[in-house]
Amino acid sequence: MNEFKLAQPQSVGQATSFLSQKPKGCHIMAGGTDLLGEMKNGIIDAEVVVDLKSLPELSFIKREQNKVRVGALTPVSELAENSFIQNEYSVLYEAALSLATPQLRNVGTVGGNLCQRPRCWYYRDSQILCLKKGGHKCFAFNGRNKYHAILGGGPCFIVYPSDLAPALISLGAEVIIASSKKEKKIPLEEFYVLPKENLLQENILQPGEMLKEIQFPLKGSGEKSTYHKLKERGTWDFALVSAAVNAQITNQSFKEIRIILGGVAPIPWRAKKAESVIKGNRITQSLLQQAAQEELRDAVPLTDNAYKTKLVQSIMSQAALSLVKT
Ligand SMILES: Cc1cc2nc3c(=O)[nH]c(=O)nc-3n(C[C@H](O)[C@H](O)[C@H](O)COP(=O)(O)OP(=O)(O)OC[C@H]3O[C@@H](n4cnc5c(N)ncnc54)[C@H](O)[C@@H]3O)c2cc1C
Ligand code: SF4
């Protein structure tokens, strides 16, 4: 790891001011569980690390009149241990609990989880200069692509690894982005970008900007949610495929439904085609199969990951049916 300067801001204003002074060589560190790995492996070369741990005021979960606010520095473990989240937002509780190990959940933060970098093994290998690192080739395309994207891929085929992002998008979450100039609020769904829009980064953050807070509405009446995650190993692992489902159910049909898939695309993938097949209809196994097939019509599996289409079909049905049964 190269030498770097550690900046410990005393306010959000000071953090964004540090970030705007050296936008290229400056990296934000929250829990450091991802960033330090990238630095040690020589994937990024930081001149300045802005350590957000000096801002404990960014760690909170607050219930307000019509929304819930979560500070970007809140440890993931607090989402999994908070009884209000546990009782009202199963999708978020289950996603937080499915993530990594207890130790990593204690150190890793919500903001860091939403901004983490891809796990593609070619990207994580400092000796390989692929498209995402400014090179000329995607090594996964004709290489080892078992864990890569089947939807929305090209020219890079990463999958976005966060478990919290699909869950929060299913809840209609918004994020507050701070910079030295102003704050802005955008839907989390619009935070992520496909590689064809920007190869080098996975979100819309501009140099000098940081994620400050996440907000989502209070649970509506009849609203139910769940997060299902399929992993290769029984112990900790990233999702092969996951599904966050948030729905309003009346008389055994889904009046409203949001389905966000993880592990299948470079961004948390909103399954809009499946949602429109399901919405308003009486829920049956065959309707759910039809919905998954509709969503997968645009899927383009690579050489080793066609198995993900079957996983999508089964996880979508399992997750949606579990809401009807509870
Ligand atoms: C062994 C292992 C297993 C894992 N398993 C899972 C898993 O199953 N599911 C899953 O979802 N994740 C998993 N992860 C990823 C882990 O959840 C993330 O590393 C963690 O949540 C990141 O949080 P952090 O606070 O440590 O982020 P950091 O490492 O500090 O930062 C991560 C990235 O986000 C940027 N960043 C951090 N905070 C902000 C902010 N507020 N604004 C803008 N940018 C910011 C940093 O610059 C960096 O690029 C795993 C990681 C490891 C090492
Ligand atoms: S999938 Fe993306 S990160 Fe992986 S080798 Fe291809 S370009 Fe690089």
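If you read the sequence shown in our numbering, its first letter stands for residue 1498, the second for the next number, and so on.
Even glycine gets a Cβ: it sits at the ideal position worked out from N, Cα and C.
Given the structure is predicted, the values throughout are model-derived calculations rather than measurements.
**OP:** Please determine, among K1564, G1534 and E1561, the residue with the shortest C-alpha to C-alpha distance to Y1620.
**Re:** G1534
**OP:** Go through its chain and collect everything with a Cβ distance to R1794's Cβ below 8 Å, but skip five positions before and after it.
**Re:** K1770
Original post:
Taking 8 Å as the CB-CB limit, is I1625 close to chain C?
Top reply: The question asks about chain C, but that chain is absent: this structure has only one protein chain.
Original post:
Straight-line CA distance for Q1562 to A1512?
Top reply: 29 Å
Subject >> Beta-bridge pairing of C1523 - partner residues as DSSP gives them >> reply: V1545
Subject >> Residue of Q1583, P1652, L1532 and S1587 minimising C-alpha distance to K1693 >> reply: P1652
Subject >> N1639 beta carbon less than 8 Å from that of N1802 >> reply: no
Original post:
Does the stretch 1690–1704 touch the stretch 1538–1551, meaning 3 or more C-beta pairs lie closer than 8 Å?
Top reply: no
**OP:** Return yes when the C-beta of C1617 is under 7 Å from any heavy atom of ligand 2, and no when it is not.
**Re:** yes
Subject >> H1524 versus E1720 - alpha carbon distance >> reply: 39 Å
**OP:** Tell me, please, which residues DSSP counts as bridged to W1766.
**Re:** L1758
Original post:
Would you call the stretch 1804–1820 and the stretch 1738–1752 in contact, with 3 or more CB pairs under 8 Å?
Top reply: yes
**OP:** Inspect the CB distances between the stretch 1589–1609 and the stretch 1565–1577 and report whether three or more fall short of 8 Å.
**Re:** yes
Subject >> Supposed contact pair A1788 and V1774 - C-beta distance, whole angstroms, cut 8 Å >> reply: 4 Å
**OP:** Output the residue ranges of the alpha helix (DSSP H) runs that lie fully inside the stretch 1593–1658 and measure 4 residues or longer, sorted by chain position.
**Re:** 1599–1604 and 1607–1612
Original post:
Of all the options T1806, K1559 and K1630, which has the alpha carbon lying nearest to the alpha carbon of I1541?
Top reply: K1630
Original post:
Where are the alpha helix (DSSP H) runs, 4 residues long or more, that stay fully inside the stretch 1683–1763, in chain order?
Top reply: none
Original post:
Going by alpha carbons, who is nearest to I1666 out of M1536, E1792, Q1518 and I1754?
Top reply: I1754
**OP:** Just tell me which of M1498, K1634, I1746 and L1661 has its CA closest to the CA of E1544.
**Re:** M1498
Original post:
Would Y1804 be called buried (16 or more neighbouring beta carbons within 10 Å of its own) or exposed?
Top reply: exposed
**OP:** Report the three-state DSSP secondary structure of A1569 (helix, strand or coil).
**Re:** coil
Original post:
Which residues mark the beginning and the end of the alpha helix (DSSP H) in which K1807 is found?
Top reply: Y1804 to K1822
Original post:
Among residues of its own chain, excluding the 5 on either side of A1504, which ones have a beta-carbon nearer than 6 Å to its beta-carbon?
Top reply: F1515, V1545 and V1547
Original post:
Just to confirm, does I1525 get its C-beta within under 7 Å of one of the non-hydrogen atoms of ligand 1?
Top reply: yes
Original post:
Going by C-alpha distance, which of Q1613, N1778 and P1506 is nearest I1746?
Top reply: N1778
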